[in-house]
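As structure tokens, the structure follows; a few thoughts come after it.
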Amino acid sequence: MATTIVKPPNSTYTFSSQPKAVQQRKKYREPTIGLQDEMGNFGNIMYDRRIIRGNTYALHTLPAHAQPDPIELQRQQEAKRRALARRKAREQLRTRTPEPVHGRKHIDVQTELYLEELSDRIEEADVEIQTDAFLDRPPSPLFIPQKTGKDITTQIEAGDLFDFDLEVKPIVETLTGKTLEQALIEVAEEEELAEIREQQREYEEMRNAEMIELQRLEEQERRLRAEKERRMKQAKDALQLEQEIQQKIAARAFAKSYLQDLVPSVFNNLRENGYFYDPVEHEIEISFMPWLMDRTMKQVNQLVMGRTLLDSIIRDVVSRRTDDYEKLEDILRQTILSGVDMGTSTGDQQQPIIEDEQQQNESDINANAAINEEAEEREDEQIPEEEAEH
Amino acid sequence: MASSTIPTHYPQLIDPTRTPLAFQRLAVPRLRRELESTTLLTRQRALRSLCDYLHDPEHITPCIEQGIPGTLVSILKDNDSFCRLKAAECYYVIASHAIGRRAMEMGDVISRLSELFDDKEASVRRNVHRAIAMYAEAPPGAENIIELKLIPNLLTKLTAELDEIKEIILNTLHYCLMIDKEQALEANCMSVLTNLLTHPTTKIKTLAALDIFHLSLALKGKEQAVDLGTIDHLVEFLDSESDELRSKAAVALASIAIITPAKYCAIKAGALSKLLDMLDSETTELIVNALKAIVCLAEAPEGRKQLLDHIDKIEPYKNHRLPNVAKQAQIAAKIITWQP
């Protein structure tokens, strides 16, 4: 019965088309253009009216003669008449509208939506009346085209037509079903999200706790390290101070020990270098010795002077003697020369002169030796003086 | 009679706001064709259908293969705000899948999305931020956002946006800060977040505290937090109504109190008694975070002196059924009873 429901124009399916014959598939390509329209005219012979299908005995063919059969005609007319009579009888049988009450009468009225003039009625009477002039022209009625084509009727049995109470059921079911389905999907989605959030929260609870613990330990570690560094620095400082003090003490001790024998050694050195002297000795050296030297030098100078004088005297004497001897020689030579000239020579006279010369030489040598002795004496005197100065 | 079999699709034109889906593998090409249509109505209908269609994980792969993310990029620049809104929503759904995120990274979608930060429609901005937050949820996505240097931009938006969008931005930042903190620190993130701590909404305060935690894992972040007085705000939150806020405040405090000046700031602000009160709660996250904060504060001599009187509060947790809690409790006990 559901199949009889008239579907709304826009049904479930989005595609629709007029029914049409299956297009014959072409097996080959069309070879020429001229053949094309001929091919197009071919139709399906199954639907060709010219082709007889089925039993040929029941075939309704036109009779060979053109004249209609008079018996046949009569039968047709009779049938027509009978149909008319039947219709009349049926009209009479039909229940009619009850008689009108007194003072009223039935009249045919048109009940259609659009009023039309009944043109098939024969005019019975002419009555003229004058109406008032129209006050306002009413708006032109919507043009409704006249109905064309044949009317077709359908027999509708009870229950055939759309029954809302019945038909609404699947629609409402679909509506609620789809709505519920969508809602369930969304609820499931939200529940899933909530579940994820809850899990996330639990995870974060642990993560946060661990994070804080981590940072706390880091901070603790940092503090401990800072403390340790501080302590180490302190210890290092103390150690350094101690070392410094030790070094100072050591330096002091060293300095002390170093300076301990400084004074005696300095005195020794000074003494050795003669900075500590005897005033008497110093006095002797400063004032007495120069005086002594002065006097000695004077003495020696006098001696030298005396000797020089003596030397010059000796030189004078010697040079005078030499002159004398030369004079004598000259005299002698002249004498000799003269003696030769006389003829006798005296060899005895020459001998004493030579002896004189020897004497003279001996005396010179003696004088020289005396001078040398004096010089030696002087040198001997000077040496002790120098020694005393040192 | 009507048959009782339920068709797998909507009746035709049952919903005029959606495009009917084509059958099976033809669905995506048809949607794509209609997304590129010049008619506004067709585009809007296609986008609505696509949004529903993407929710099924099976449909993500064909959509990405057919280049839907690329088509959506051009729709992000559409004049119609509804189109932009729906396109951003589609990206949000796509970004919840690993292959979707990869496709978005390849198509350079994030920089396009970030251009919509200044959109005049709040709902468009919200969807854009949701898509980016979802994208940042996985580390590769967050890395991509950092590469694109979007953090300063997000921070400026954080001061001016609606509360709902602020929450989403804070989530995005949360994921990004897990990857990299330098960019945010340079963009003065800590002061922005500290200002947000005075916000009336608990949710925003919670998220801001969480972001502060991530930010202060860097040494510079801790120093800034001490300078800006973030610790006082966080200590205030330690006895608030919301467990979530208390927990995040404790963990943020723990991460800041690594450095010595922060420890003394926190002790001075009276954090220790509040943290010890937190140990009585049921939530394990709260206990773990409180224990961490206590450990950090116990490193300072003053903190240890105060905590020595309350060591019996920590003792029961040393044999907790959860290994994480037990471990943290043991560490805490060890630090408190430590003697030089």
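Heads up: the sequence lines are chains G and F, in that order. So the mapping is simple: the working numbering equals the position in the first sequence, first residue as 1, plus 88. So the mapping is simple: the working numbering equals the position in the second sequence, first residue as 1, plus 1338. Built from N, CA and C at the ideal position, the CB exists for glycine as well.
Would you identify the three-state DSSP class for residue i, choosing helix, strand or coil?
i: residue 91 (chain G); result: Any reading at residue 91 (chain G) must be qualified, since the residue scores a pLDDT of 41, below 50, and its modelled position is unreliable; the value itself is stated next. Reduced to three states, the DSSP call for residue 91 (chain G) is helix.
i: residue 1445 (chain F); result: coil
i: residue 343 (chain G); result: helix
i: residue 1525 (chain F); result: coil
i: residue 1452 (chain F); result: helix
i: residue 1387 (chain F); result: helix
i: residue 1465 (chain F); result: helix
i: residue 1369 (chain F); result: helix
i: residue 1561 (chain F); result: helix
i: residue 143 (chain G); result: coil
i: residue 1606 (chain F); result: helix
i: residue 105 (chain G); result: coil
i: residue 1434 (chain F); result: coil
i: residue 368 (chain G); result: helix
i: residue 1397 (chain F); result: helix
i: residue 1476 (chain F); result: coil
i: residue 135 (chain G); result: helix
i: residue 112 (chain G); result: coil
i: residue 1665 (chain F); result: helix
i: residue 379 (chain G); result: helix
i: residue 197 (chain G); result: coil
i: residue 392 (chain G); result: helix
i: residue 1429 (chain F); result: helix
i: residue 1530 (chain F); result: helix
i: residue 225 (chain G); result: coil
i: residue 1358 (chain F); result: coil
i: residue 1377 (chain F); result: coil
i: residue 1672 (chain F); result: helix
i: residue 220 (chain G); result: coil
With a Cβ-Cβ cutoff of 9 Å, do residue i and residue j count as a contact?
i: residue 1587 (chain F); j: residue 1547 (chain F); result: yes
i: residue 304 (chain G); j: residue 1462 (chain F); result: no
i: residue 1426 (chain F); j: residue 1391 (chain F); result: no
i: residue 1393 (chain F); j: residue 1447 (chain F); result: no
i: residue 1555 (chain F); j: residue 299 (chain G); result: yes
i: residue 1489 (chain F); j: residue 1527 (chain F); result: yes
i: residue 1473 (chain F); j: residue 1516 (chain F); result: no
i: residue 1504 (chain F); j: residue 1455 (chain F); result: no
i: residue 1753 (chain F); j: residue 1623 (chain F); result: The question about residue 1753 (chain F) has no answer here: the residues shown for chain F are numbered 1339 through 1678.
i: residue 1418 (chain F); j: residue 1381 (chain F); result: yes
i: residue 1613 (chain F); j: residue 1646 (chain F); result: no
i: residue 1621 (chain F); j: residue 1649 (chain F); result: no
i: residue 1478 (chain F); j: residue 1440 (chain F); result: yes
i: residue 1525 (chain F); j: residue 1486 (chain F); result: no
Where do the ends of the alpha helix (DSSP H) carrying residue i lie?
i: residue 1408 (chain F); result: 1406-1413
i: residue 1616 (chain F); result: 1609-1616
i: residue 1573 (chain F); result: 1568-1575
i: residue 1581 (chain F); result: 1581-1594
i: residue 1510 (chain F); result: 1501-1517
i: residue 185 (chain G); result: Counting along the chain, residue 185 (chain G) falls outside any alpha helix (DSSP H), and DSSP gives it neither H nor E.
i: residue 1619 (chain F); result: That residue, residue 1619 (chain F), is in no alpha helix (DSSP H); it is neither H nor E in DSSP.
i: residue 351 (chain G); result: 350-360
i: residue 202 (chain G); result: Run containing residue 202 (chain G): none; DSSP gives neither H nor E here.
i: residue 244 (chain G); result: Run containing residue 244 (chain G): none; DSSP gives neither H nor E here.
i: residue 1496 (chain F); result: 1489-1498
i: residue 1657 (chain F); result: Looking at the DSSP string, residue 1657 (chain F) is not in any alpha helix (DSSP H), and its letter there is neither H nor E.
i: residue 1646 (chain F); result: 1639-1646
i: residue 1650 (chain F); result: 1649-1652
- [ ] Mind listing, in chain order, the continuous alpha helix (DSSP H) runs of no fewer than 4 residues lying wholly within the segment 1532-1558 of chain F?
- [x] 1540-1553
Task: Inter-stretch contact (C-beta, 8 Å, three-pair minimum) for the segment 1645-1665 of chain F and the segment 326-346 of chain G - done: No, the segment 1645-1665 of chain F is not in contact with the segment 326-346 of chain G.
Open item on the list: My parser needs the alpha helix (DSSP H) runs of 4 or more residues fully inside the segment 247-326 of chain G; what are they?
Closed with: none
Open item on the list: Check whether the segment 1536-1545 of chain F and the segment 1493-1513 of chain F touch, using three or more Cβ-Cβ pairs below 8 Å as the test.
Closed with: Three or more pairs of CB atoms, one per stretch, sit closer than 8 Å, so the segment 1536-1545 of chain F contacts the segment 1493-1513 of chain F.
Open item on the list: With three or more C-beta pairs closer than 8 Å as the rule, is the segment 1555-1563 of chain F touching the segment 261-270 of chain G?
Closed with: no
- [ ] Decide if the segment 1519-1539 of chain F is in contact with the segment 1576-1586 of chain F; the criterion is three or more beta carbon pairs, one per stretch, under 8 Å apart.
- [x] The count of Cβ pairs closer than 8 Å, one atom from the segment 1519-1539 of chain F and one from the segment 1576-1586 of chain F, stays below three, leaving the stretches out of contact.
TODO: Taking 8 Å as the threshold, find out whether the segment 1617-1634 of chain F comes into contact with the segment 320-327 of chain G through three or more Cβ pairs.
DONE: no
TODO: Would you be able to state if there are at least three C-beta pairs under 8 Å between the segment 275-282 of chain G and the segment 1562-1571 of chain F?
DONE: no
Task: Contact between the segment 1647-1655 of chain F and the segment 1663-1675 of chain F (3+ Cβ pairs under 8 Å) - done: yes
Task: Under 9 Å (Cβ pairs) to chain B, residues found in the segment 311-322 of chain G - done: Going by chain labels, chain B is absent from the structure shown, which instead holds the protein chains G and F.
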